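Student: Have a look at this one.
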Amino acid sequence: MYGPGDNCKDGRGGAWAQSVYKSGACPETAECARKNLGCWKDDPLRAIQGGIRLQSDNPIEDCEKYASENGFAVFAVQYGNECFTAENAAQTYQMYGPSEGCQDGRGGTWAQNIYKAGTC
10 MYGPGDNCKD GRGGAWAQSV YKSGACPETA ECARKNLGCW KDDPLRAIQG GIRLQSDNPI
70 EDCEKYASEN GFAVFAVQYG NECFTAENAA QTYQMYGPSE GCQDGRGGTW AQNIYKAGTC
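Mapping to our numbering: the sequence shown position 84 is 93, numbers consecutive.
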């Protein structure tokens with residue numbers, strides 16, 4: 010709001026000044042970013058086993074967080090708000106072939122956007 014100052018010293022701020030840092034374990038690089046692996050069909054005999062892990066209004070980020078916290082590399086968002094992920098999701102998500110039914114990165118009816126979770 011006020012702009013940069015010049016009275017910070019040794020990374021400890023100063024009189025009416027703050028040294029500001031961005032934290033986080035993951036650098037913002039293409040290698041670390043979440044990757045969209047496309048839109049793939051699903052079936053009542055799920056391509057990704059384990060059932061709906063969570064439902065969310067922020068499904069991509071919340072599902073990625075769930076997958077990462079559980080050590081899963083790949084996750085899916087389906088039907089706008091459903092999260093699917095499993096240990097072997099990277100090997101099984103393609104079993105029913107590609108789909109044209111995904112919308113806005115959130116999958117669709119029996120269609121799932123597949124993502125590789127961001128890594129550091």
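Positions of the beta carbon are idealized from the N, C-alpha and C atoms, including for glycine.
Note that the structure is a prediction, hence the values are computed from the model and not measured.
According to DSSP, what are the bridge partners of Tyr-124?
Tutor: Taking the first residue of the sequence shown as position 1, residue 124 is located at position 115. Note: Tyr-124 sits in a beta bridge opposite Asn-45, Phe-84.
Student: Quick one: residues in its chain with C-beta nearer than 6 Å to the C-beta of Ala-42, no 5 flanking neighbours on either side, listed in chain order?
Tutor: Position 33 of the sequence shown, counted from the first residue, corresponds to residue 42. These residues qualify, in order along the chain: Gly-127.
Student: Considering only C-alpha positions, which residue in the set Pro-107, Cys-72, Gly-59, Tyr-105 is nearest to Lys-125?
Tutor: Numbered from its first residue, the sequence shown carries residue 125 at position 116. Among Pro-107, Cys-72, Gly-59, Tyr-105, the Cα nearest to that of Lys-125 belongs to Cys-72.
Student: Which residue's Cα is closest to the Cα of Asn-90: Gln-27, Gly-117, Gln-58, Gly-22?
Tutor: Against the sequence shown, residue 90 aligns to sequence position 81. If we check each option's Cα against that of Asn-90, Gly-117 comes out closest.
Student: Under 8 Å, with one C-beta from each stretch per pair, do the segment 14-27 and the segment 78-89 reach the 3-pair mark?
Tutor: no
Student: Return the chain-ordered list of same chain residues with a C-beta closer than 7 Å to the C-beta of Gln-103, the five sequence neighbours on each side being excluded.
Tutor: Working through the sequence shown from its first residue, we reach residue 103 at position 94. Close CB contacts of Gln-103 within its chain, under the 7 Å cut and outside five residues either way in sequence, are with Trp-49 (chain order).
Student: Rounded to whole angstroms, what is the Cα-Cα separation between Pro-68 and Tyr-105?
Tutor: Mapped onto the sequence shown, residue 68 falls at position 59. Mapped onto the sequence shown, residue 105 falls at position 96. Between Pro-68 and Tyr-105, the C-alpha separation is close to 22 Å.
Student: Quick one: is Gln-121 buried, meaning 16 or more other Cβ sit within 10 Å of its Cβ, or exposed?
Tutor: Along the sequence shown, one-based indexing puts residue 121 at 112. By the 10 Å Cβ count, Gln-121 comes out buried.
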